[in-house]
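Trainee: Structure in structure tokens, see below.
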Amino acid sequence: QQYITLGIPTSLKLIEGHEGQKAAQLAIEEINAKGGVKVGNEKMLFKLEALDIRDGEPGVPVSEALLGIEKLILDKKIYAAVVGNFRSEALLAAMDIYSKYKVINIGTIAMTPKFQEKILSDKEKYKYSFRGALDSKYASGYVQSSMKFLNKEFGYNKVYIATQDVLWANAIGSLMEKWFKDNGWTVAAFDKYPVGATDFSAGLMKAKSAGVQVIMAIFDMPTSGILVKQWKSMKVPALLTGFISPLTGSKAWKTFGQDIEGVLESVWEIGYFPIKAYPPSVKFSAAYVKRWKEDIQSGHGAAPAYDTVYILANAIEKAGTLDSEKVVKAIEETDMAGVVGRIKFDNGHQLIFGDDPKQTACGGVFQWRKGKMLLVWPESIASDKIQKPAWMK
Amino acid sequence: MKNRENYRKERIDRCIKARSDDIYALSSYKEMWYLIFPRVVPIIGIAILAYFLPLYWKKVVITTCIFAMLAVSWDFLSSCGLLSLGQALFFGIGSYTAGCLNHYFHFPIYLTIPIATICGGFISTILLLPVIRLRGIYFAMVTLILPLMLARGIEATHVFGGNEGITGLSPFPNVWVELTFIIAGMWAALFALRRFISSDYGLIFVSIRDNDRATMASGINIYAFKAQALFIGSSICAFCGAFMTHLYMFTGIPVFTMEFSILPIAASAIGGIGTLAGPLLGAFILVPLSEILREFGSLRVVFYGLVLVVCVVALPEGIFHYLSRKYNEMERWVRLE
Amino acid sequence: MAILEIKGVTKSFGGVKAVEDVSVNVEENTLLGIIGPNGSGKTTLVNIITGFIKPDKGSVFFKGKELIGLPPYTITNLGIGRAFQMVKPFFHLPAFKNLIVPLSSKRVRSTSGGGYGDKDAIALDILEEVGFERDSSVPYKTASVLPHGYLKRLELARLISLKSEIFILDELFSGLSIAEVTSILPIIEKILFEGNTVIMIEHRLKELFRIANKVIVFNFGRIIKEGAPKEILEDEEVKKAYLGVEV
Amino acid sequence: MLKVDKLMVFYENALAINELSIHINEGEIVGIIGSNSAGKTTLMNTISGLLLDTKLKEQRKGGERITIFGSVSFIGNDITNTWADERVKMGIVLSRERHPVFVESDVKENLKIASYLSPKNKFKEMLSFVYDLFPALVPLRKRKAGFLSGGEQQMLAIGMSLMVKPKLLLLDEPLLGLAPTIQVKLIESIVKIRKETNVTILICEQFARPVLPIIDRGYVLENGMLALEGTGNELFNNPEIKAAYFGV
Amino acid sequence: MFVYGLINSAVLALMALGFNLTFGISGIANFAYGAIYVVAGFITWAFINHLNLPYAVSAILTIIIIGIFGALVYKFIIKRIRGLVISEVIATFGISIILLELLRFIGLIGFKYSLPVFIDGSVEILGVYVDIQRLFIIGLGILVIISLYVFTHHTKTGLAFRGIAQEEHTSLSLGINPDRIASLSMGMGSALGAFAAIVILPLGTITVDSGYDVLINALSVCIVGGLGSTFGVIIASFIIGYTQTITAMYLAPHWTMIVSLFAILVILVIKPSGLLGHQKELEERV
Ligand SMILES: Nc1ncnc2c1ncn2[C@@H]1O[C@H](COP(=O)(O)OP(=O)(O)OP(=O)(O)O)[C@@H](O)[C@H]1O
Ligand SMILES: Nc1ncnc2c1ncn2[C@@H]1O[C@H](COP(=O)(O)OP(=O)(O)OP(=O)(O)O)[C@@H](O)[C@H]1O
Ligand SMILES: [Mg+2]
Ligand SMILES: [Mg+2]
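Chains as they are written, first to last, in the numbering used here: chain A, 55 to 447; chain B, 119 to 455; chain C, 6 to 252; chain D, 15 to 262; chain E, 5 to 290.
What follows is the structure, given as structure tokens:
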């Protein structure tokens with residue numbers, strides 16, 4: 055029996071990596087259970103080699119992460135890598151390694167738009183890299199939609215932006231800042247908080263004294279939970295929106311309880327919690343819960359990781375060979391229905407996102423209400439409408 | 119220690135050392151071999167290993183050599199009384215220098231690395247010049263802070279590629295060049311420094327750590343010498359940084375991470391501080407070990423920490439001290455008369 | 006002319022006047038003894054002369070050159086060598102290697118040779134001069150295991166190897182037995198004989214008074230008496246403040 | 015009271031003390047006279063137990079090997095392997111050679127630390143005792159010990175060992191660096207202390223002149239071996255001693 | 005602003021005090037401090053959520069357990085390498101990564117771990133809302149500082165802490181058993197760390213990574229203050245705390261780190277042995 059080895063070089067101990075691995079594993083088990091992938095005339099099984107390269111942890115040099123990737127490539131002889139790097143700089147550096155060894159990789163975590171730029175700058179060289187999750191440009195799109203709604207429905211037009219001081223979050227922050235200004239909002243301030251910040255009072259005070267109605271926060275560090283608590287305790291009368299990773303999962307209600315009632319939270323890729331209007335997501339989350347006995351907590355990375363395995367499998371079957379050049383071609387031509395929506399790559403090897411999972415991949419916005427995550431955006435699949443929380447005037 | 123009644127364990131030098139460390143009285147091939155053996159074996163050993171291992175492990179050898187050099191440089195600095203927690207600073211400066219030269223001015227590798235070595239040493243020395251009067255932990259604190267600050271500064275000001283760094287730099291032609299280059303560099307650094315530190319000139323550096331007041335009272339400008347030591351130590355690190363940059367075709371703020379500062383210290387601690395060769399040995403234990411431990415997946419770092427603790431506690435003097443003692447001295451029980 | 010002129014030097018540490026308005030002239034090729042109760046500011050004065058402490062006021066001239074403000078190593082290179090009250094050898098180095106450091110200083114670098122082992126030879130010569138038996142293993146032992154007597158000699162050897170013109174010896178004899186002291190005295194006499202100047206701080210008065218040309222007495226940071234050893238011995242005030250007993 | 019029997023101490027291969035047997039009776043002042051490197055400090059460290067600690071530390075570091083033979087007993091108990099702090103609790107207190115004090119603490123705090131073992135209500139009393147003995151320390155109370163002059167540190171070191179209220183006081187070169195007046199005063203007060211508190215005292219000195227008159231008995235050490243033994247007077251009048259330790 | 009600067013300073017001071025007790029005052033490098041801090045958080049969490057113990061009981065139990073743990077670490081590990089500072093640092097750092105990564109390994113990742121606040125709610129002070137927990141931090145910070153000062157300057161054990169750091173042999177010859185005192189100081193330092201964790205962590209979630217941050221914060225506050233000086237720690241935390249808050253307020257939050265590091269640098273250049281340390285002058289005294 056021959057195997058196609060897939061590598062997962064990522065920070066396995068961070069939630070996105072951890073759940074990404076589980077999701078990919080689920081996909082592989084499903085495929086293998088059906089007999090594997092057909093390569094030409096032969097059926098091959100998938101095998102997973104996960105390696106903790108710790109690149110999402112502060113203090114770990116990129117070189118160590120890259121050496122880990124080289125280990126997967128040279129030692130474990132992986133055919134392709136999925137999930138992939140956390141930090142944008144690690145991703146960008148890893149692309150050189152992947153193209154050196156001609157290894158296909160489909161990342162689902164790092165979100166920098168520089169990725170496409172780099173691919174387009176030398177398409178031939180970097181063609182082995184794909185991204186199966188959204189990038190910060192798309193991400194800001196989803197945030198914008200909800201802002202538009204808030205503006206239209208409730209007349210909100212003053213915002214405070216807080217982001218984590220990392221590439222992708224800053225990128226979203228700046229895009230949003232521009233958008234707000236272009237659309238007649240007042241931006242009270244735009245603060246970037248260093249990773250590990252534990253005190254947000256300065257910014258919140260600014261926000262409060264400026265009388266903002268909306269706080270847009272983009273964070274994926276765990277300490278950002280403090281922001282939520284501080285926002286509550288300082289009684290800042292503004293609606294918390296954006297992407298705060300401690301709030302994306304079902305367990306957030308347990309941690310923060312009543313505090314997060316009414317918070318608008320963006321979802322980078324749908325599919326990790328069941329959405330009635332889009333059946334693949336229901337199926338996927340059920341399968342995941344069945345396999346791993348708990349539901350997914352991170353709104354980013356896990357669901358696409360599941361899809362990437364299928365993308366690869368389909369591409370290999372379509373190419374009928376393991377020759378990477380041909381498989382790359384096949385991936386470029388992918389068109390299938392995944393849990394995050396319809397999967398198609400653009401010229402820069404970026405998964406295309408939009409507002410309707412039947413047309414493109416899709417992110418969304420949900421609102422925390424009474425312990426439930428209610429999808430309010432995009433309208434095509436929304437189950438509810440954004441509501442003003444009771445305590446807002 | 120076993121305490122036999124009226125017996126005492128005696129320790130004797132294997133007596134080819136005449137009186138002091140660098141005066142040898144060689145009288146036979148056997149003695150010559152005795153001297154050469156511990157020096158030649160690791161050189162040949164590493165060379166063989168490096169050239170015959172599978173590709174991935176070659177890469178590991180390269181990384182090991184880099185960390186070994188960092189450790190050697192750390193030990194050199196510490197034997198001059200400069201306790202550094204900031205090898206990452208020197209490393210990062212070298213890396214950025216090479217990266218920028220290559221990216222913005224398109225200098226080829228054989229220019230960027232030498233220039234980065236010299237300039238890196240130079241810039242690091244200048245940066246630390248204002249605090250050269252600090253001692254011990256206070257100096258260490260500054261060296262710990264500076265790389266953090268530079269990294270944050272680059273992040274905040276977006277210079278040199280800002281957060282995502284500079285990628286796509288020129289690589290080495292092939293892995294053989296990489297290997298030869300770094301192994302040669304490592305041995306050169308080690309033996310040159312060992313020679314240097316036992317020379318009359320090098321002795322001054324050691325004396326500064328021993329007692330800087332007395333060194334001053336001996337008419338030595340200790341600050342000038344400390345600056346020289348800094349330059350030498352940081353140049354070596356800068357070389358490593360430049361090398362790593364081209365190896366991974368990447369430079370960016372992660373080159374300032376603490377790992378580059380901590381691992382050399384750990385290597386020195388388990389290898390044996392103050393010997394220069396010890397830290398090298400330590401690096402050759404720790405780095406491959408950490409690669410082997412990758413098999414343990416998530417528990418890797420735990421095991422790694424465990425090994426550190428066990429090594430340090432079991433042989434507080436350091437492996438190299440221990441080995442060289444066993445090699446150079448005989449022990450035997452003698453009866454009290 | 007006086008080789009070393011100390012003029013109105015004052016230094017206080019947070020309210021305590023350690024040295025107050027001290028002026029002394031040290032004549033060339035003489036032995037000046039400094040005595041005084043504990044904490045009367047003797048060592049502080051030495052620290053000021055050798056640049057380890059900056060005085061609040063006053064100046065020190067060596068052959069007409071102002072010393073205040075110069076760092077210790079520059080002063081040492083001018084020819085003022087000091088031995089520390091608490092010995093400060095390089096504990097990790099063998100005794101003879103201890104001398105390599107002063108032999109590499111600017112002052113004597115040019116004469117001590119740069120070849121391999123040149124300095125070692127000079128160092129061993131000097132050590133023999135101060136009483137390290139050349140053929141024994143003593144000069145090759147690490148300083149940390151040497152007995153105290155040898156360390157004191159090592160301090161002296163450092164000054165000799167620096168070719169100092171002024172030897173400042175801070176309590177060289179403390180912690181030494183009479184036998185040790187008597188064996189060191191000739192070395193000091195030899196130093197004087199060679200035309201150098203010596204300043205000695207001592208609590209071992211008997212030995213000091215035998216060789217001193219002039220003695221000054223400190224009390225509370227001030228000079229209370231200055232004169233030939235004889236006069237000092239007979240002075241009532243000195244007796245009260247310091248001696249209190251027959252010596 | 016204290017009995018040292020056939021003590022031998024090796025530093026690696028070097029013999030520092032060779033077959034030394036001495037004893038001290040309760041209430042005595044005993045002097046150990048010896049020139050440099052006679053092994054006085056080694057003996058003091060052995061009696062106080064510090065050597066055991068040094069030995070252990072060296073062993074851990076893989077440094078030189080210290081070997082001790084023979085036995086030490088105190089008031090009938092064998093204390094050869096008793097740890098130093100236990101010995102202090104038994105009443106053996108050492109004032110170490112060359113005054114290693116707590117440089118970062120001020121003088122009063124040094125004395126406070128020193129009174130670790132004595133009851134709190136005794137502190138004031140002992141403090142004034144020490145200040146009486148060394149009035150020079152009084153104005154220096156608030157100064158960090160590291161800034162004191164050599165002699166002042168020596169006073170402090172002795173003062174600290176007195177704070178513990180020892181039964182057996184070991185003084186290792188107490189006169190080092192002290193001005194003659196203070197030396198005399200110290201010697202007088204040693205006699206006084208003995209009279210008042212009946213503490214037993216062992217003094218090590220190579221500067222024998224001031225010490226010999228007050229000791230009851232004395233031992234002369236040479237190269238780790240016992241060279242002479244006798245009462246204070248005997249030693250004082252011994253021509254050899256005179257030649258070697260008085261410089262006449 | 006004023007209030008939050010104060011809180012920030014108090015947080016820093018609380019974090020640093022335990023470290024200061026072991027490292028600054030008794031001279032034992034405990035680089036596992038950050039790990040201990042985090043572990044304390046998780047232990048308390050586990051007590052509350054799995055054993056359903058009341059909060060106060062869990063907190064006290066945690067402090068005791070961590071204290072004992074610290075003492076044991078000394079007894080079995082540091083004792084053997086006492087005096088070799090680099091080895092101490094590396095060994096405790098090793099312990100720290102073992103602890104932290106073990107926590108990660110057993111799955112304590114994610115965002116669900118957080119401690120309850122002592123008393124919920126907030127009050128308005130000088131025009132800003134401050135939650136009561138933060139007031140607790142200030143109050144307890146002051147309390148700990150005072151008791152620590154009294155402890156290290158006026159109790160025998162505390163003075164012994166200072167003794168063993170400076171001259172181990174002299175302490176030994178005065179009847180202080182350095183090993184006992186040192187393990188005590190490790191224990192107390194760790195317990196203080198646990199205390200700080202229990203007080204501070206309710207503000208946010210417990211995460212493994214913060215272990216490293218806590219260590220760096222504690223280290224820098226401790227060194228800037230001048231080793232061994234309790235007051236130094238306070239002043240240093242105020243300087244660093246307020247620079248952080250002020251920068252965050254008037255410049256931008258992502259400059260806080262740079263500015264506060266720069267402040268540390270400047271302080272060290274001006275006062276080479278920290279604000280209230282005398283290290284340098286003492287060493288230079290000849
Ligand atoms: N750096 C300093 N800070 C504070 N006080 C100091 C400092 N240096 C010296 N002193 C004080 O100044 C006084 C003079 O000290 P100095 O060392 O000069 O005395 P000395 O005459 O050499 O005494 P001894 O004979 O005991 O060595 C002492 O009281 C000492 O405590
Ligand atoms: N740590 C050590 N390692 C090796 N040898 C030592 C050590 N300590 C002392 N010695 C040697 O042991 C002998 C006795 O030393 P010790 O210090 O006991 O003498 P001492 O009589 O106290 O001399 P001093 O008057 O100099 O204080 C000396 O020859 C000395 O060199
Ligand atoms: Mg003096
Ligand atoms: Mg002695």
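Ideal Cβ placement from N, Cα and C applies to all residues, glycine included.
State whether the segment 209-221 of chain A contacts the segment 261-272 of chain A, with contact taken as three or more CB pairs (one from each stretch) at a distance under 8 Å.
Mentor: Cβ pair count under 8 Å is three or more, so yes.
Trainee: Can you find a C-beta in chain C that's less than 8 Å from the C-beta of S138(B)?
Mentor: Residue placement at S138(B) is poorly supported in this model, since its pLDDT is 46, which falls under 50; the coordinates still yield a value, given next. Cβ-Cβ to chain C under 8 Å: yes for S138(B).
Trainee: Interface residues of chain E around I263(B) at Cβ under 8 Å?
Mentor: Per Cβ cutoff of 8 Å: S224, L265, I268 and L269.
Trainee: Roughly how many angstroms separate the alpha carbons of W307(A) and I132(A), rounded to a whole number?
Mentor: About 40 Å.
Trainee: Would you say H258(E) reaches chain A, if we count a Cβ-Cβ gap shorter than 8 Å as a contact?
Mentor: By this cut-off, H258(E) is an interface position.
Trainee: Name, please, each residue of chain A whose Cβ falls closer than 8 Å to the Cβ of E282(B).
Mentor: Within 8 Å Cβ-Cβ: S142, E143, L146, T166, K168 and L221.
Trainee: Excluding sequence positions up to five away, which residues of its chain have a Cβ less than 8 Å from the Cβ of F290(B)?
Mentor: Here the set comprises I227, E296, F299, H364 and L365.
Trainee: Starting from R126(B), find everything on chain D with Cβ-Cβ shorter than 7 Å and list it in chain order.
Mentor: Correct list: F24 and T81.
Trainee: Indicate whether at least one CB of chain D lies closer than 8 Å to the CB of S177(E).
Mentor: Answer yes: the Cβ-Cβ gap between S177(E) and chain D drops below 8 Å somewhere.
Trainee: In the DSSP output, which residue or residues are listed as bridge partners for H37(D)?
Mentor: K17(D).
Trainee: Thinking A387(B) and V419(B) are a contact (beta carbons under 8 Å), I'd like their distance in whole angstroms, please.
Mentor: Actually they are not in contact, since the Cβ atoms of A387(B) and V419(B) sit about 17 Å apart, beyond 8 Å.
Trainee: Give the residues from the segment 415-435 of chain B that approach chain A closer than 7 Å (Cβ to any Cβ), ordered along the chain.
Mentor: Those would be G415, S416 and R418, in chain order.
Trainee: Which same chain residues end up closer than 8 Å to D139(B) when comparing Cβ atoms and leaving out the 5 residues on each side of it in sequence?
Mentor: Confidence is the limiting factor: at D139(B) the pLDDT is only 48, short of 50, which leaves the residue's position unreliable, though a coordinate-based value still follows. Answer for D139(B): S316, listed in chain order.
Trainee: Go ahead and label V18(D) buried or exposed: buried means 16 or more other beta carbons lie within 10 angstroms of its beta carbon, across all protein chains shown.
Mentor: The residue is buried, with at least 16 neighbouring Cβ atoms inside 10 Å.
Trainee: Assess, as a yes-or-no matter, whether the segment 287-298 of chain A is touched by the segment 193-205 of chain A under the definition of 3 or more beta carbon pairs within less than 8 Å.
Mentor: Counting Cβ pairs under 8 Å, three or more are found: they touch.
Trainee: Quick check: is the beta carbon of D120(D) nearer than 8 Å to any beta carbon in chain E?
Mentor: False, the Cβ-Cβ gap to chain E never drops below 8 Å.
Trainee: Answer yes or no: does any C-beta atom of chain D fall closer than 8 Å to that of T48(C)?
Mentor: Interface residue, yes.
Trainee: Pick helix, strand or coil for D213(E), following the three-state DSSP scheme.
Mentor: In this structure, D213(E) counts as coil in the three-state DSSP scheme.
Trainee: How many angstroms separate the CA atom of G143(E) from the CA atom of G45(E)?
Mentor: Distance between the alpha carbons of G143(E) and G45(E): 20 Å.
Trainee: So, with DSSP's three-state summary, where would you put G353(A)?
Mentor: G353(A): coil per DSSP, three-state reduction.
Trainee: R331(B) versus chain D: which residues are under 8 Å apart at the beta carbon?
Mentor: Residues of chain D passing the Cβ test: none, with the nearest at roughly 13 Å.
Trainee: Please classify V86(D): is it buried, with 16 or more other beta-carbons within 10 angstroms of its beta-carbon, or exposed?
Mentor: Buried: at least 16 other Cβ atoms inside 10 Å.
Trainee: For I211(B), count neighbouring Cβ atoms within 10 angstroms of its own Cβ and tell me buried if that reaches 16, exposed if not.
Mentor: Result: buried.
Trainee: Can you find the residues in the same chain that come closer than 8 Å, C-beta to C-beta, to M367(B), ignoring five residues on each side of it along the sequence?
Mentor: These residues qualify, in order along the chain: T285, G286, L287, S288 and P289.
Trainee: For ligand 3, any of its heavy atoms closer than 7 Å to the Cβ of Y176(C)?
Mentor: Per the sequence shown, residue 176(C) should be read as Glu rather than Tyr. Yes.
Trainee: Can you list the residues of chain D that E185(C) reaches, using a CB-CB cut of under 7 Å?
Mentor: Within chain D, the residues near E185(C) are S49 and N50.
Trainee: Just the C-alpha distance for D129(A) and P406(B), rounded to the nearest angstrom, thanks.
Mentor: About 14 Å.
Trainee: Just to confirm my understanding: we take K439(A), look at its own chain, exclude 5 residues before and 5 after, and list those with CB closer than 7 Å. What are they?
Mentor: Same-chain partners within the cutoff: V430.
Trainee: With distances taken Cα to Cα, identify the nearest neighbour of A415(A) among L366(A), K383(A), G227(A) and A187(A).
Mentor: The shortest C-alpha separation from A415(A) is found at A187(A).
Trainee: In the structure shown, what three-state DSSP assignment does P99(C) receive?
Mentor: The answer is strand: DSSP assigns P99(C) an E or B state.
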